[in-house]
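Written below as structure tokens is the structure these notes are about.
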Amino acid sequence: MNALLFESPIAWIVVCLLGVLALLAYARIRGSNGARRAMWGVVPLLAAGLIVQNVVVTSREQLVADCRDMARKVEAGDIRGLGAMLSPRLEAARLDRKAFIEAVERTLARYHPEESRLAHFDVKFPDPQGAVVEFEASCRVVSQREVLQRLHTKWRLRFEMEGDAWKVTRIELVPMPTSPLSSLNDVLQ
0 MNALLFESPI
10 AWIVVCLLGV
20 LALLAYARIR
30 GSNGARRAMW
40 GVVPLLAAGL
50 IVQNVVVTSR
60 EQLVADCRDM
70 ARKVEAGDIR
80 GLGAMLSPRL
90 EAARLDRKAF
100 IEAVERTLAR
110 YHPEESRLAH
120 FDVKFPDPQG
130 AVVEFEASCR
140 VVSQREVLQR
150 LHTKWRLRFE
160 MEGDAWKVTR
170 IELVPMPTSP
180 LSSLNDVLQ
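If you number the sequence shown the way numbering that gives the first Met the number 0 does, the last residue is 188 and the count never jumps.
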């Protein structure tokens, strides 16, 4: 229900249009003017729902936006911005936050990701203050020696609410049959 009310304008429009059609059918069969008048009540409801969907950002939407923002920061080489999204308690490939950021800096000095695309998000909330986001990513990777046209990877990030923001506490690369990378250690230099 949360997704219908807050995350999916298309589904909201479809539900409202189905309501209008049901009221039209009822009005036609019964000849009821009340049903016709009620039909016009659906229009403000539709508009209110669309406004609410544009104003309210759910935790799921925020987490997906955070993952996309992290990808943009990596692509731009914005290490400071990336670091701000990571919890002081980060654990990634047996590295703490400081060592992970240093490894990302070294990696980005040699390899530059471009045209990042993230898709197939699966967001789960195992506890009230935590979330796990899995998604697939693809990008073109450029180095001084080679260009990898489309590198496909799958990621699992653990987020925890710290203050009023979601922070990443764990980063894992999930092995995929189509990817030459099988762990985060394969990515970091």
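Cβ atoms here follow ideal geometry from the backbone N, Cα and C, with glycine treated the same way. Small disclaimer: the values here were computed from a predicted structure and weren't measured.
Would residue i pass as a contact of residue j if the rule is Cβ separation under 7 Å?
i: Ser137; j: Ala70; result: no
i: Thr57; j: Leu187; result: no
i: Glu135; j: Ala118; result: yes
Using the rule of at least 16 other Cβ atoms within 10 Å of the residue's Cβ for burial, across every protein chain shown, is residue i buried or exposed?
i: Phe99; result: buried
i: Lys97; result: exposed
i: Thr177; result: exposed
i: Asp65; result: buried
i: Val190; result: Nothing about residue 190 can be read from this structure; the chain reaches only from 0 to 188.
i: Leu22; result: buried
Excluding the five sequence neighbours on either side, which residues of its own chain have a C-beta within less than 6 Å of the C-beta of residue i, listed in chain order?
i: Val131; result: Lys123, Arg157
i: Gly129; result: Glu159
i: Tyr110; result: Val140, Ser142
Sorted by chain position, which residues of the same chain lie with C-beta nearer than 7 Å to residue i's C-beta, five sequence neighbours on each side aside?
i: Pro87; result: Arg96
i: Glu161; result: Ser86
i: Glu113; result: Glu74, Cys138, Arg139, Val141
i: Leu62; result: Val122, Ala130, Val132, Phe158, Trp165
Starting from residue i, follow its DSSP beta bridges and name the residues at the other end.
i: Leu172; result: Trp154
i: Leu94; result: Ala91
i: Leu117; result: Ala136
i: Glu159; result: Gly129, Lys166
Measuring only the C-alpha atoms, how far is residue i from residue j?
i: Leu172; j: Glu145; result: 22 Å
i: Glu133; j: Lys153; result: 7 Å
i: Leu81; j: Ile9; result: 33 Å
Only counting the same chain, and skipping five residues up and downstream in sequence, which positions put a Cβ closer than 8 Å to that of residue i?
i: Ala91; result: Phe99, Arg169, Ile170, Glu171, Leu183
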